[in-house]
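As structure tokens, the structure follows; a few thoughts come after it.
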Amino acid sequence: QLEAKIAPSMLSSDFANLASEAHRMISFGADRLHMDIMVRLTFFCSLNIKLCLTVSLNTPAGVAYLDCHLMVTNPLDYVDQLGKAGASGFTFHVEVSKGENPVEMVLVMTVEPGFGWQKFMPEMMNKVCTLREKYPTLDIEVDGGLGPSTIDMAAAAGANCIVAGSSVFGLRRVNFLTSVNKARVTG
Ligand code: DX5
Ligand code: ZN
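Printed below as a string of structure tokens:
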């Protein structure tokens, strides 16, 4: 029996309160925290490294699994720094692979990489099915557009690690924005 893992994507969290957002997710029962590392978002990249540090320093060992998604050209350049900061696992894109032979988990992107809030691509489920048939016990992670209306499709195809950004953090942010706008209107 494969273990289901839910990984909130910190890319959609409130950046001003990253550490408390991380702890909030863990307290809600998140199995891992998904960190998107993108060089073109240097600011976010360094925040994420800092977050790795904060979370790994402040939670009992084993509680916060930091799932680092390296959307960079040379992923190996980041492994040491992130590892020291508390990263637990790394995924990188096959397009930049230099023949590494990773086995523990495969990430299947279900949106174009780079942004949250995109629409789930159901056609990627073919990849998940093929992988699951070939590797019955492998952790297969899906990332992008996952929420209440798509998670069943991903699970049925064989994914057991679910990354979710906007569907986890979105509602609160929308509520927040609504209340700010209301306050503006009413002065
Ligand atoms: C997209 C990132 C995702 C993103 C997912 O390139 O890899 O981790 O944060 O966000 P949602 O769940 O909103 O699609
Ligand atoms: Zn990601």
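In terms of the UniProt record's numbering, the sequence shown has 34 at position 31, counting the first letter as 1, and numbering is strictly consecutive. Ideal Cβ positions, reconstructed from N, Cα and C, are used throughout, including at glycine. Only a predicted model underlies this, so the values are computations on that prediction, with no experimental measurement involved.
Contact check for Glu24 against Ser16 passes: the beta carbons are separated by less than 8 Å. For His37, the distance from the CB to the nearest heavy atom of the ligand ZN is below 7 Å. Around the beta carbon of Ser12, 16 or more other beta carbons lie within 10 angstroms, which makes this residue buried. In terms of CA proximity to Met127, Ala159 leads the group Leu85, Ala159, Leu141 and Lys8. The C-alpha of Cys164 lies about 12 Å from the C-alpha of Gly147. The straight-line gap separating the alpha-carbon atoms of Met112 and Ala22 is approximately 26 Å. Asp70 has its CB no nearer than 7 Å to any heavy atom of the ligand DX5.
By the CB criterion at 8 Å, Val114 and Phe123 fall inside the cutoff. The C-alpha of Met74 lies about 16 Å from the C-alpha of Asp83. Per DSSP, Lys137 is one residue of the alpha helix (DSSP H) stretching across Met128 to Lys137.
When distances are taken from the beta-carbon of Val166 to the heavy atoms of the ligand ZN, the shortest one is below 7 Å.
Runs of the alpha helix (DSSP H) lying entirely within the stretch 91-175 and spanning at least 4 residues, in chain order: 128-137 and 154-160.
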